[in-house]
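Note that the working numbering has the sequence shown beginning at 51, numbered continuously upward. Have a look at the structure below before the remarks.
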Amino acid sequence: ACSEFGIHPELSFIKELYDQKQAAFVSNVGALVEPLTKTQFKNGGASRCVGLFSHSDQQQAAQTLKCQVSGASPKGAGGRLADALGSGAQKYRTTSFTVAGTATWSQGFDTRAEVIDRRQGSVRFREYQQLQTLVSNITGVKHGNVYCEEYAKVLEEAIHSSEDLGAVLDNVELKTAFEASSSLEQQLKQVARLIMARKERKAERDFFFVSLGGFDTHKSVATVLASKFKEVDDALRMFVSELQAQGIFDSTVLVTHSDFGRTLTPNSGAGTDHAWAGNHVVLGGDLKGGAVFNEFPKALLEGNDQDAGRGRLIPKYPWESMMVPISEWMGMAAGHHAEVFPNLANFNASHIITRAALFRS
């Protein structure tokens, strides 16, 4: 459909990174159980995700990468990858953080997500010094009930973790004047602080989850997107500048996810509705950027071979397309592919970007 591509004018910093080969686009991706054609979508014959076009279901799908199962029981893709890196041959010291409240993506079977407040950082139990003995008594009791035992364990870990991490972050000074005002800027500032404290935390592999809403553009899509894209671009400019000042951008990768793309045909309110496939961004100092990965749709007209109706494009590539090479770049051993990406065996090599294609090292 296209031989030349443009980028929204409010994403000028991403364009700068793209020109510097530190940003890339991954096209035609979305939640899939296995490859799915338009005929199979209409008539059956292939497995599909539950709750297609539903915000809640597809937000979970993008976070678990197991969209045939509803809810969070498969745990998050980031958490499962943290599990694999922490238990693999090299046993990396791995931590998973979320700066956007409780997030499925960050939670593994063995990895517990650390919740960070976007304004205050690691929020500590203010009365801990006065109630330390009481807390120890509560958490030190051996309970016969498994739920009570798990609650006591989680409470103890949460209090000790926030105390230890809070003490470390108290002494962090960033390299740049990170004047955060928007929600995304505040979230990324906390990530930058945690990265700055990586040596004190003895970190070897870290995961960070941040989130920005407001893209459900059922009306006034042009105005809303301009505002949201500027918010994203401004936040990324400050964040990447800080990482570069820390000398850590070459060891960092950022990747976007979303519940779904939007319809290619407008609605009556000059907006767009829930769809499926979309295009996403990968940033990092070690990228082989300046490229659009995956085959772009052959046509964008209504009724094309990927159109499930009203310009809802069926993805040709799964989320794993970009997440597999990222996981390998982070050090995941080959033997962990199946546990981290349970649907990976349903796709062939043509659906997955190689690590050598996406990264320089």
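Just so you know, even glycine gets a beta-carbon here, dropped at the ideal spot from N, CA and C.
Only residues of its own chain outside the window of five on either side were considered, and among them F259 have a CB closer than 6 angstroms to the CB of A153, listed in chain order. Counting only runs of 3 or more residues that sit fully inside the region 130-183, the beta strand (DSSP E) segments are 144-148, in chain order. Taking C-beta separations shorter than 7 angstroms and ignoring five residues to either side along the sequence, the partners of A383 in its chain run G138 and A139, following chain order. Under the DSSP assignment, D256 falls in the beta strand (DSSP E) whose first and last residues are R255 to F259.
The beta carbons of V79 and M372 sit about 7 angstroms from each other, so the pair counts as a contact at 8 angstroms. Residue state for G263 is assigned as coil, using DSSP reduced to three classes. Just so you know, the alpha carbons of N329 and P59 end up roughly 17 angstroms apart.
Sixteen is the threshold: when 16 or more other Cβ atoms of the shown chains lie within 10 Å of the Cβ of V332, as they do, the residue is buried.
Following the DSSP letters along the chain, one finds L286 inside the alpha helix (DSSP H) bounded by residues V271 to Q296.
DSSP places A73 in the strand class (E or B) of the three-state scheme. Taking a cut-off of 8 angstroms on C-beta distances, the region 248-255 does not touch the region 178-194, as fewer than three cross pairs fall below it.
By the 16-neighbour rule on beta-carbons within 10 angstroms, V204 is exposed. Look at the beta carbons and you see the region 287-305 not touching the region 168-188: under three pairs across the two are nearer than 8 angstroms.
F257 places its beta carbon less than 8 angstroms from that of G128. Non-local C-beta neighbours of A325 in its own chain, meaning closer than 6 angstroms and more than five positions away in sequence, comprise F310, G311, R312, T313 and R362, ordered along the chain. The alpha-carbon of Q236 is positioned some 27 angstroms away from that of D133. DSSP, read as helix, strand or coil, puts N344 in coil. Here DSSP, grouped into helix, strand and coil, assigns D300 to helix. Straight-line spacing of the CA atoms in R130 and R162 works out to 10 angstroms.
Under the three-state reduction of DSSP, H193 is assigned to coil, being neither helix nor strand.
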